[in-house]
Amino acid sequence: FVTSLMELKSTDINRQDFFGSTPLARSVRCGDNSIFTLLLRDPNIRADISDDSGDTPLFAADELGNEMMVERLLTMPQVSPDPKNLWGRTPL
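So for the sequence shown, my numbering puts the first residue at 915; every next one is plus one.
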(Lines of atoms letter the chains of each structure in order from A and count residues from 1; the text may use other names and numbers.)
(Lines give C-alpha, C1' and ligand atoms only; values in the text may rest on other atoms or scores of the structure.)
Protein backbone atom coordinates (compact mmCIF):
# COMPACT_ATOMS: atom_id res chain seq x y z
CA PHE A 1 0.00 0.00 0.00
CA VAL A 2 2.73 2.46 0.94
CA THR A 3 4.65 1.67 -2.23
CA SER A 4 1.54 2.37 -4.33
CA LEU A 5 1.02 5.74 -2.64
CA MET A 6 4.65 6.68 -3.13
CA GLU A 7 4.37 6.00 -6.86
CA LEU A 8 1.62 8.59 -7.27
CA LYS A 9 3.04 11.92 -8.41
CA SER A 10 0.49 13.77 -6.30
CA THR A 11 1.66 12.17 -3.04
CA ASP A 12 3.45 14.53 -0.67
CA ILE A 13 5.90 12.20 1.09
CA ASN A 14 6.49 14.84 3.78
CA ARG A 15 2.86 15.78 4.46
CA GLN A 16 2.25 16.49 8.12
CA ASP A 17 -0.84 15.32 9.99
CA PHE A 18 -2.85 17.30 12.56
CA PHE A 19 -0.02 16.98 15.09
CA GLY A 20 2.73 17.80 12.61
CA SER A 21 3.89 14.20 12.29
CA THR A 22 5.16 12.96 8.92
CA PRO A 23 4.96 9.44 7.47
CA LEU A 24 8.65 9.00 8.30
CA ALA A 25 8.10 10.01 11.92
CA ARG A 26 5.12 7.64 12.16
CA SER A 27 7.18 4.75 10.81
CA VAL A 28 9.81 5.46 13.47
CA ARG A 29 7.25 5.65 16.29
CA CYS A 30 5.71 2.38 15.13
CA GLY A 31 9.14 0.76 14.93
CA ASP A 32 8.46 -0.28 11.33
CA ASN A 33 11.95 -0.74 9.88
CA SER A 34 10.68 -1.81 6.46
CA ILE A 35 8.50 1.27 5.88
CA PHE A 36 11.20 3.49 7.40
CA THR A 37 13.74 2.10 4.91
CA LEU A 38 11.29 2.39 2.02
CA LEU A 39 10.54 6.04 2.83
CA LEU A 40 14.24 6.90 3.06
CA ARG A 41 14.70 5.70 -0.53
CA ASP A 42 12.52 8.54 -1.78
CA PRO A 43 14.77 11.41 -2.93
CA ASN A 44 12.21 13.96 -1.68
CA ILE A 45 12.10 12.67 1.90
CA ARG A 46 12.92 15.21 4.59
CA ALA A 47 14.01 13.65 7.84
CA ASP A 48 14.42 16.97 9.64
CA ILE A 49 10.76 18.00 9.86
CA SER A 50 9.64 18.54 13.44
CA ASP A 51 6.17 17.94 14.82
CA ASP A 52 4.13 20.34 16.97
CA SER A 53 6.34 19.50 19.97
CA GLY A 54 9.50 20.24 18.05
CA ASP A 55 10.45 16.56 17.91
CA THR A 56 12.04 15.18 14.74
CA PRO A 57 12.12 11.49 13.77
CA LEU A 58 15.52 11.31 15.48
CA PHE A 59 13.86 12.01 18.85
CA ALA A 60 11.51 9.04 18.43
CA ALA A 61 14.23 6.70 17.18
CA ASP A 62 16.41 7.54 20.17
CA GLU A 63 13.55 7.28 22.69
CA LEU A 64 12.63 3.85 21.34
CA GLY A 65 16.25 2.71 21.37
CA ASN A 66 16.22 1.84 17.68
CA GLU A 67 19.93 2.10 16.93
CA MET A 68 19.53 1.23 13.25
CA MET A 69 17.13 4.13 12.72
CA VAL A 70 19.27 6.54 14.76
CA GLU A 71 22.38 5.63 12.77
CA ARG A 72 20.56 5.85 9.44
CA LEU A 73 19.02 9.23 10.26
CA LEU A 74 22.39 10.63 11.33
CA THR A 75 23.86 9.79 7.91
CA MET A 76 21.42 12.18 6.27
CA PRO A 77 22.91 15.65 5.65
CA GLN A 78 19.76 17.53 6.69
CA VAL A 79 19.49 15.79 10.08
CA SER A 80 21.02 17.67 12.98
CA PRO A 81 22.15 15.48 15.92
CA ASP A 82 21.09 18.10 18.44
CA PRO A 83 17.88 19.92 17.48
CA LYS A 84 15.99 21.31 20.47
CA ASN A 85 12.30 20.64 20.96
CA LEU A 86 9.84 22.98 22.71
CA TRP A 87 11.17 21.91 26.12
CA GLY A 88 14.79 22.49 25.17
CA ARG A 89 15.57 18.77 25.03
CA THR A 90 17.79 17.22 22.37
CA PRO A 91 17.47 13.64 21.11
CA LEU A 92 20.97 12.43 21.88
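We put the CB at the ideal spot given by N, CA and C, even for glycine. Being a predicted model, the structure only gives us computed values, none of them experimental.
Measuring alpha carbon to alpha carbon, tell me which of the options ends up nearest residue i.
| i | options | result |
| --- | --- | --- |
| aspartate 1014 | Leu1006, Asp926, Leu954, Asp931 | Outside the modelled stretch of the chain, which goes from 915 to 1006, sits residue 1014, for which no answer is possible. |
| serine 941 | Thr925, Pro995, Ala961 | Ala961 |
| serine 948 | Met990, Asp926, Met983, Pro991 | Met983 |
| isoleucine 927 | Cys944, Leu954, Met990, Thr989 | Leu954 |
Less than 7 Å between the C-beta atoms of residue i and residue j, yes or no?
| i | j | result |
| --- | --- | --- |
| proline 995 | leucine 1006 | yes |
| threonine 970 | proline 991 | no |
| glycine 968 | leucine 1000 | yes |
| arginine 943 | alanine 974 | yes |
Under a three-way DSSP split, which group does residue i fall into?
| i | result |
| --- | --- |
| serine 967 | coil |
| serine 948 | helix |
Please check the pair residue i and residue j, which I expect to be a contact at CB under 8 Å, by giving their CB distance rounded to whole angstroms.
| i | j | result |
| --- | --- | --- |
| isoleucine 963 | threonine 936 | 5 Å |
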